[in-house]
Every structure is written in structure tokens, then in C-alpha cells.
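Worksheet: one structure, shown below.
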Amino acid sequence: MVSRRTRFFCLVFLVSLCFFNLSNSDELKVMVKGVTSIAQTDDNFICATLDWWPENKCDYNQCPWGKAGLLNLDLKNRILTNAVKAFNPLRLRIGGSLQDQVYYKVGNYPKNCSNFEKKSDGLFGFSDGCLHMNRWDELHDMFNKTGAAITFSFNALIGRIPSDENNTTLWVGDWNHYNAKSLMKYTINKGYKIDSYELGNELCGSGVAAKIKAHQYGNDVKKLKKLVTHMYPNPANRPKILAPGGFYDQKWFQEFLQTTGPGVVDGLTHHIYNLGAGVDPTLIDKLQNPFYLSQIAQTFKNVENDAKLFSPSSGPWVGESGGAYNSGGKTTSHTFVNGFWYLDQLGMTSTFNHKVYCRQSLIGGNYGLLNTTSFIPNPDYYGALLWHKLMGKNVLSITHEGSPYIRTYAHCSKTSGITVLLINMDKSTTFDVSVVNDLNMYADSVASVEYINTNPDSVESIHPREEYHLTPKDGNIQSDVLLLNGTPLKLTSSSDIPVMKPKLVDPTLPIIVAPQSIIFATLRGFQAPALKLLYSTLSVLLSLFLLLLQYKAPLHKERMDMLKQMRVKFTGIGEEEKGSSSSSTRDRTIPPQKTQPFKDTKRLPSWLHKQFIRTMSRDYDSSDSVDYPAAVAAAAFAVTSIEEKSEYDHRRTNSGGDKTLTKIKSKAEDNDKKPEKLSDEASKSSSKLPYKSDPIRSTTINPEPVKSVPSIKKKPTFGDSKPESEVVEKAKKAPSFRKMPTFGDSKPESEVAEKAKKAPSIKKTPTFGDSKPESEVAEKAKRAPSMKRASTFPDQSIDIRPPKAPEVPVSAPAVPPTRQSSSQPGMAKAPNTIKPASGNSQADIWEKEEMEKIRIRYKKLINEIVDWETKKKKKAKHDLEKVEAELDRRRAKARKHFNNEVGRIESIAGGAKEQADQHRKNEELKVIEKANKIRVTGKLPSTCSCF
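Written out as C-alpha cells, the structure reads:
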């Protein structure tokens, strides 16, 4: 029985261990730099394509297009119109592989215009097709109802012929623009809106089915630009010019841009199919491999650089991208797993200044955002819609040092705050993501803390974090059903797109990113350092003012609270106790501020002192210019504080010494009561005590405290009737501190008490009967240290005590000791029964230890300041060298640009000269031909007034 039970528990343990391993969780800190944006997209970054493919377009024994082509798509389908309308607006690109075989049936050209048919020797296996104007009208009716922004791509092969070269796809000749001009004129007359025009599809570089040389294509694009400028004279509604719309080839692209020159192309379009063929069995692995997905980043960077170098006014576009070519992957491109690639592409291209990203396709093929037959949105549709609704055009820098299987992107939100995109491709790891900004503050918490500090009685209006968790149904990444925060996204009963509501989360908690999930998170409380600059300046000034008031004069409690709340409002960071950083933002309120006595506040680290320590531990950055002068002021204050602390320690040494000295009392003294009423002089002197809480009854002030030696005073026991030997015996039993005994008091008790009341702060209580000269007494008083000591040990058997004589208080400046004439009659010389303390007394040791501590502490501070100074100077020098290197690089770049520009000008001029010579020769040939006709016929040729 025991054996079975043991085996059972072992089995349970192993099963639980397996589950534990399957649910790994890693903490991840994601840093967003909000000083400036690193790139910008267009307002309508999301774009989708509508293609020309007919129903019989098939790949790999499948025909996934159905009736999704431009010529046979059901444009009145309610789901289709609602899907486009939801973006308000959605950019649509009208184009594709067959666009260079489409003629526009407008006017009298062309005479024969038929639909696409299978043709073995045709481009892409099809014959030429035809766009009738009634279909053009139907398309624009749908575009107008949905508010779509349209990019139309013209046929670029009209007027050209294939080259005579064998085994080549090169087409030669000039582009015939008349058919395009006729369609453009019809479109303008109908009042149809076009956002941009493009010329040709995938004709650049080595091409696909056809190609054109870069120089020829550049001239054709200039012709299109001239045509559009002529047809749309008003620049306000003039469509943009896009080109070349093909796969990136650096040499071809640069030659094309040099031919067109700046100001011609508004969008430099290129196509992306980086996942390979749709039939590839490893396609699903590529979609989850971050290293493979990152390989295309260099292409995006190169296109961005070419646009900046040769045509700064033209931003790069992804004009068409379906991931896997030949209609996409049958089991992947329309499922959840494709979102890893698609949303990663959106994030990656936006960081490389791409203005638009067009997904192939809105509908059609395996990669459509909508199902080809049912029109029901696929998972990527909702991902695109969330991006369009949440991600603004300003791209922010975001970094982390965690797993490469989690991708992170950040944009300014379209409304307020920032939105981060988190893509977790890991199959088993959950990431607890904390989003911070470059000031190492939780981005979510900044606004919350500021709100609580300025509104301490209300926390209901703090903006929560808005999270959109996208996961597949049943955890199957090849499912085409998408869950938003655990709920399936389905069309409404009226075929409308469902409202996508976020999950509201406490902004102080981390974002939980489950394995194989995608999250959009909007942080409304994010504040960029650029916005904080003004508040930081006011904070420093206000804090210095508050510090000055706090140390110079006591403030009323309400006024202190108001000033400190103002300081917290400007800094955005409340005064928090140590260790409370993990508490909820809603629990953070301004602690009650209380004006404390000078003694208490002096020992606590001030706000400015904390700022100094914090600034010393962080790097100086040029963008943080406010903290630098604040650090300098704080450093000065820190040094002053240490000096004040040192002075305070000396004063404590002079006035009281070690606490143990004040505790050495006899039982009789412990039973003594404090005087109930002080004399006028004593009260006045007592009010000037700097440290009232010191347990000291009789004190002295030494004019030279640093050079002094410990001195322990004793309040005289007047009228002591005990024999001198007995008193001396008791003194021997006491600790060996320096003490001036009071023996042989011959004065009346009342007279002695009266003198004690009138006496100011004294160095030494007179010992009556002292026979030493007055000068010798004064010399000893100068050498005596400022150590305080309470009354020593009166005889308990003596019942005679001074009548409630007040303790002599400290007064500043010190008054010389009360003089007693040594020549007075009746004053006998009392013998010194206790020798002065040696140089190795406890006071000397204590003083040396404290001075050594101060020296070490001050030396450490100086070393820190020197290290900080050295570090900052080194960084400043490095920054200078970096700037100088950047200037050299820019100078070299400008020189290269100048050389390229000169070369381009010479090339253009040479081409123009060559063309002029050719025209001259043509005209001369025509003149010779006409002259020959005149010679033959004897008649002049007729003239025509037509153009």
C-alpha cells in the first residue's frame, strides 16, 4: 500500500513538473525612447490591393481566386463594403501582374477589347484584357460609398514591343500614353477621385514576365508626370506619381531615379514576397522564425537610402506584398500564424520610413484579408484594422534585451499616448512586459502619479492601459478564427464589422504576453522627455526656493504642503517611501508634509541632496539640459550640508560629548527634580539653545572648540558638611573625568544660590577657598575643552541642597569665567585630589574617530565629484569627436552627391544633344524626301493645319 502511494505521488509530481516547464514566464523590460520620432508613415499606412486575375487563375493544382478579380468581383456585397468602410479610409491599389495587358475601352481606342483568356504564349499565360467604362463606373461607385483612397496603376507596355534579342524578356520603345490619357480624361469628367497613379507592374531589374531598361522607364515616368500635371492643373487635387512598382534592384533603382531627377516621383514603390513559394512545406516554420523574417530589413533600409539620396521628396512604399508568391500558402496565408509575418512587416517597414504598405490582397488568393468566397474577414484583416485605428504616423524607438522571439514596435497613438505592438512567436514562453521610457520611469505610471499628486482626493479618472490580446481559436495557430481578449471576432447580424473593445488593465502591472499571441497596448499616460523639459525647469527653481525657505525660516504647515504639492506637480513624481515602488499607482498619494524643527530636518537628506546623488549616477545627455545645472547646484549644496554636519558634530562634542558621559550619575542626583521656574537671565539664555533635546544640565562654550581638551564640570554642592576626605573618597570611586571639587565652602548657602542665579554661562564653577591666582585660573579655562557633564555625585547622607537653583544654560558667545579674588580672607586653598585627564582620554579618542570619519566621508565625496567630472569630460570629448566624424561623413556624402549630380546633368545634357542631333537628321531626311518629290512631280507638298 505504501509503495502504491509513493508511486502515485511521484506520478503527480512528474505531471506537475511537466506543466511547470510548459508554462515558462520571463520578465522583459521594453524601453521606449520618446524624445523624438525615428520615422514617419503616411496617415493611411494600411493599404490593400485589388487584382486583375480571372477566375481560371490556378497554381499548384488549385484555383484560389474565384470571382475576386476586378472584372468579376461582387462590388455590392455588404460584407465587402463594410470591411472597406471600417477603415475610413482604406487605401486600395488597383493593379497586379495582368495590368500591363489591360486596355481601357474609352472613346474609339482600342477597336478590339476582349476579356482575359488563357494563352500559352501570352504574358503569365493570358491574353490581353479590357476594362469597360461601365465597370469603371461600378468600381468608383463602391469606392465613393466606402470612402476608399485609390491608387491606379497604368499599363506600361502599350506602344512597346519585345526585343529582338533571344531568350530575353526585355521590351523596347516609348510608352504610348494616349489610352491612359483617355481614361484619365473620362475619370476627371465623371468627378472620380484618384489619390495616385502608378506606371507598370514588376518591370524593373530582371523583371518577371517583362522588363524595361531603367533609363527608358525613367523617361516614361517623366512623361506620366507631365501628363498628370496637364490634366490636373490644380496642385491641391493633383494625384501623386508612384514608380516603379517592382522588386528592388539597387543599380536599376538608382539609374531610374537619376533619370527622373528629384520632384518627379512622389512614392518609390517596391514589392515584397520574402517567404518564397506558397507551396513551400517549410512556410509555417518561416512564419515563426524571427531570424528569417529579419533578413528583409536590409532591403527596406536600401530603398530608404536611395529615396533620400536621389529623390528626397519621394517616400518609399511597399506597393504589393503577399508574403508567399503564387497566391500564398493554402494552409497558412489566411490563418492566424500569418499575422506573425504581416504585423512584423508593418512594424519593420514603418521604422525604415516607409509611408504605405499594400497587402496583397483585399480579397482573392490564399492571402486575401477577406475570404474569397464568403467575404468573411480573415485574422490579418483585424490585425490591419487595429493597426489603422491605434498606430499613429510617428514611429518611436523601442528596444529590449530579451528573447528574439518577441518583436516590439511603438508608435505615437492616433489619439493620445503611445501604442506598442508585441508579437510573441515563442511556443512556450509567457513574457511579463514592463514598458518604460528612456528616463527609466514606467510610462504607464507617469500620468497616474501626476494625477494623484494634483488630485489626492480622487483616483477614479486615471487612464487604464488598453490591451488587445489576439490569439487563435483553441490555440491552433493555423485557425482562421481570431480571438480578441478571449472572445471570437464575428460579424454582426447585419454583416457589420464587430466593435473591438480593449481590456482595461491597471497601468502599473506588466503586460502579460502569452505564447504565440499578438498584443496591441495603448498607454495613455506616456509623456515624452521633450514635453517634460518645461516642467523640469520649473521644478528645479521651485525646489531651490522651497529649500531656502525651509532652512531659513519655519513655514506654516498649510503653506509648506501647498509648495510641496506644486513641486510634485511639476516633477510628475511624488515623494515616495523607499520600498513602495511596487505598490499600485492608485495607492500613491502625497504624504502629509510637516515642518520639523531645525535639528530634525538638518539630519535628513533633502530633496536637492537626493537630486545630486541621482544626477551623479546617470549619464549626461544633451537632450536633458535641465538636469545638468541642477546637478551643479545640488553638488554645491551637498558640500555645504557636509560642512554644516561637521560643524554640528563639533558643537555636540563641545556641548555634550558622548551620551554615556551624561548617564553617569549617583542615585541621589537621579532623584533630583528639575527646577520649576527659571530666572529671567536663564530663560533668555535657554531660548537660544540650538539643540534643545540634548540631555545636558550644565554646559560651557569654549571659544576655541577644535583645540580644546575634554573638561567635565560639576555643579557645586554648597554647604557640604561632610569631611573633605569622605568627599574625596567618593570622587575616587567615580569615573576618571576631570572635575574641580568644591571643598570648604565658608559662604552662606543663600548667598551662593543668589550668585548662581545671576551668573551667566560660565566655564568653571568657582571652588571657594581656591588660592590660585586669577590669571592661572583663566589660563586653565582657555585650555579646557567644551565637554559638558551633569552634576557629579553628591553625598546622599547630606540633607542640605541648594534651593532649586536653575541649571546654568548655554549662551553664545561664551562669557569668561566668573572671577573670584584669590586674596579674599577666609578662602583656603583646596588641594587637587583628582589629576587632569591624560591625552588618551575617552573624549580625545572619540574626537579623533569622528574627525577621521568626516575626513574619509569628505574625501570620498571629492573622489566621486572628480570621477563624475572626468567621466563627463570624457563623454563630452567623445561627443565632439562623434560630431566631427559626422561632419566629415556628411562632407564626403555631399561631395559624392555633387559628383553624382554632375554626372546626371552631363548624362541628361548628352542625351538631349544626341536626341537633338537625331531630330535634326530626321528633319533633314524629311526635307530631302520632300525635295525629291518636288523634283519628280514638280509640285509643292500640301500643308495641314492639324496637330
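Residue numbers for the sequence shown, in mature numbering (1 follows the signal peptide of the UniProt record, and there is no 0): -25 to -1, 1 to 922.
All C-beta atoms in this analysis are idealised placements derived from N, C-alpha and C, irrespective of residue type, glycine included.
Treat the numbers as computed from the prediction; the structure is a model and nothing was measured.
Can you tell which of the options has the C-alpha that lies nearest to the C-alpha of residue i?
| i | options | result |
| --- | --- | --- |
| Gly148 | Asp195, Asn109 and Tyr172 | Asp195 |
| residue 933 | Gly343, Leu371 and Lys828 | The structure shown does not extend to residue 933, since the chain is modelled only from -25 to 922, so the question has no answer here. |
| Thr11 | Tyr84, Ala211 and Lys368 | Lys368 |
| Asp319 | Val278, Thr310, Leu268 and Gly290 | Leu268 |
| Leu498 | Ser492, Val488 and Asp481 | Asp481 |
| Gly134 | Ala184, Ser95 and Tyr192 | Tyr192 |
| Arg879 | Glu889, Phe285 and Leu464 | Phe285 |
| residue 952 | Pro379, Val183 and Tyr357 | The chain is shown only over -25 to 922; residue 952 falls outside these bounds and no answer can be derived. |
| Ala124 | Lys215, Glu177 and Lys850 | Lys215 |
| Ser470 | Phe101, Ile351, Asp112 and Pro439 | Ile351 |
| Pro219 | Tyr332, Asp255 and Leu178 | Leu178 |
| Pro473 | Leu836, Phe101, Leu73 and Leu459 | Leu459 |
| Arg66 | Ala23, Glu899 and Gly182 | Ala23 |
Once DSSP output is grouped into helix, strand and coil, what is the label at residue i?
| i | result |
| --- | --- |
| His386 | strand |
| Glu822 | helix |
| Leu365 | helix |
| Asp112 | helix |
| His205 | helix |
| Glu140 | coil |
| Gln15 | strand |
| Phe101 | strand |
| Asn874 | helix |
| Glu859 | helix |
| Trp316 | helix |
| Glu292 | Correcting the residue type first, residue 292 is Trp in the shown sequence and not Glu. Trp292: strand per DSSP, three-state reduction. |
| Asn907 | helix |
| Leu46 | coil |
| Leu262 | helix |
| Ser409 | strand |
| Pro85 | coil |
| Val841 | helix |
| Val902 | helix |
| Val370 | strand |
| Leu915 | coil |
| Leu268 | helix |
Provide the residue(s) that pair with residue i in DSSP beta bridges, ordered along the chain.
| i | result |
| --- | --- |
| Phe495 | Leu396 and Tyr443 |
| Asp34 | Gln37 |
| Phe129 | Leu174 |
| His853 | BP columns for His853 are empty, so no partner. |
| Pro463 | Leu458 |
| Ala884 | According to DSSP, Ala884 bridges with nothing at all. |
| Arg334 | Ala23 and Ser296 |
| Ser(-1) | Thr405 |
| Lys80 | His107 |
| Leu345 | Ile338 and Pro352 |
| Ile69 | Leu25 and Phe127 |
Could you pull out every residue in the same chain whose Cβ sits closer than 7 Å to the Cβ of residue i, ignoring the five residues on either side in sequence?
| i | result |
| --- | --- |
| Phe495 | Leu361, Leu365, Thr394, Leu396 and Tyr443 |
| Pro39 | Ser302, Gly340, Asn341 and Thr347 |
| Tyr300 | Tyr248, Ala252 and Gly253 |
| Gly122 | Lys60, Asn63 and Pro64 |
| Gly913 | none |
| Thr162 | Ile169 |
Looking only at its own chain, which residues have a Cβ that is under 6 Å from the Cβ of residue i, when we skip the five neighbours before and after it?
| i | result |
| --- | --- |
| Ala155 | Phe129 |
| Ala189 | Trp227, Glu230 and Phe231 |
| Tyr384 | Gly322 and Leu396 |
| Ile486 | Val408 and Ala496 |
| Ile69 | Leu25 and Phe127 |
| His245 | Tyr223 and Val278 |
With a threshold of 8 Å on Cβ separation, who are the neighbours of residue i within its own chain once the five nearest residues in sequence on each side are excluded?
| i | result |
| --- | --- |
| Thr204 | Arg213 |
| Ala489 | Asn399, Thr405, His444 and Thr446 |
| Leu46 | Trp27, Pro29, Asn90, Phe91, Gly104, Leu106 and Arg110 |
| Gly297 | Tyr248, Gly303, Ser308, Arg334, Gln335, Ser336, Gly340 and Tyr342 |
| Val287 | Contrary to the premise, residue 287 reads as Pro rather than Val in this sequence. Hits under 8 Å: Pro237. |
Does residue i come within less than 9 Å of chain B when only Cβ atoms are used?
| i | result |
| --- | --- |
| Asp471 | In the displayed structure, chain B is absent; only one protein chain is listed. |
Open item on the list: Just to confirm the assignment: which complete alpha helix (DSSP H) runs, minimum length 4, are found wholly within the region 212 to 250?
Closed with: 225 to 235
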